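Trainee:
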Amino acid sequence: MRAATEIPLWWLALTGLWTLTLSTPSAPELIAGASAAAVCAIAARSARRAMNGTWQFKAGWLAWLTPLPKAAVSESVAALRAVFPRPSAGKCAKVPVPAEPRAQHEARLAVATVVIGCTPGTMVVASPPDDTDIVVHRLLPDSPALDRVTR
Numbered sequence: 001m002r003a004a005t006e007i008p009l010w011w012l013a014l015t016g017l018w019t020l021t022l023s024t025p026s027a028p029e030l031i032a033g034a035s036a037a038a039v040c041a042i043a044a045r046s047a048r049r050a051m052n053g054t055w056q057f058k059a060g061w062l063a064w065l066t067p068l069p070k071a072a073v074s075e076s077v078a079a080l081r082a083v084f085p086r087p088s089a090g091k092c093a094k095v096p097v098p099a100e101p102r103a104q105h106e107a108r109l110a111v112a113t114v115v116i117g118c119t120p121g122t123m124v125v126a127s128p129p130d131d132t133d134i135v136v137h138r139l140l141p142d143s144p145a146l147d148r149v150t151r
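Counting from 1, position 39 in the sequence shown corresponds to residue 39 in the UniProt record's numbering; the numbering is continuous, with no gaps.
Listed below in structure tokens is the structure:
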């Protein structure tokens, strides 16, 4: 991806994320967030290039976001119910990811890591780029809804 495309995309995503965290956005906060996002966007591109990352995203992956709000709310409630009586609840599991050409596989791992990790019931522990599995810590034993959409 060319710098003229990638850096503005990172900047938009990071600025948007920053703005979502503000309860009452003011001009100084928006300027600070946009400035920090610009620095981080350049750093993100540099980091990806240093790792020789060449991602190829598929538009169909946006559909993975559909079950996210429902899963986040239901897993929040279930996670609180599981953790209070037993703070050591949960176990590690592997989530299979289809083998694809390297650029698509790395992009799928990145997007799947974000989508799966967005809910409180599951945390991505590892996503080795040369492996076809993502290792997750699952707090709730029957919460693989987001795992399925990433396949």
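Positions of the beta carbon are idealized from the N, C-alpha and C atoms, including for glycine.
Given the structure is predicted, the values throughout are model-derived calculations rather than measurements.
Which whole-angstrom value is the C-beta distance of I7 and A41, which I expect to be below 8 Å?
Mentor: 5 Å
Trainee: Have a look at the DSSP bridge pairing and note the partners of I31.
Mentor: For I31, which the question treats as bridged, DSSP gives no partner whatsoever.
Trainee: Within 10 angstroms of the Cβ of T66, are there 16 or more other Cβ atoms? Answer buried if so, exposed if not.
Mentor: exposed
Trainee: Identify the continuous alpha helix (DSSP H) that holds T19 and give its terminal residues.
Mentor: 3 to 20
Trainee: Can you give, in chain order, each stretch of the alpha helix (DSSP H) that sits fully within the region 89 to 133 and has at least 4 residues?
Mentor: 102 to 117
Trainee: Closest Cβ-Cβ distance between R2 and chain D: below 9 Å?
Mentor: This model lacks chain D altogether; it includes just one protein chain.
Trainee: Run through the DSSP bridge pairs and tell me what R138 is partnered with.
Mentor: Per DSSP, the beta-bridge partners of R138 are K91, T122.
Trainee: Take P96 as the anchor and find which of A72, V124, L12 has the nearest alpha-carbon.
Mentor: V124
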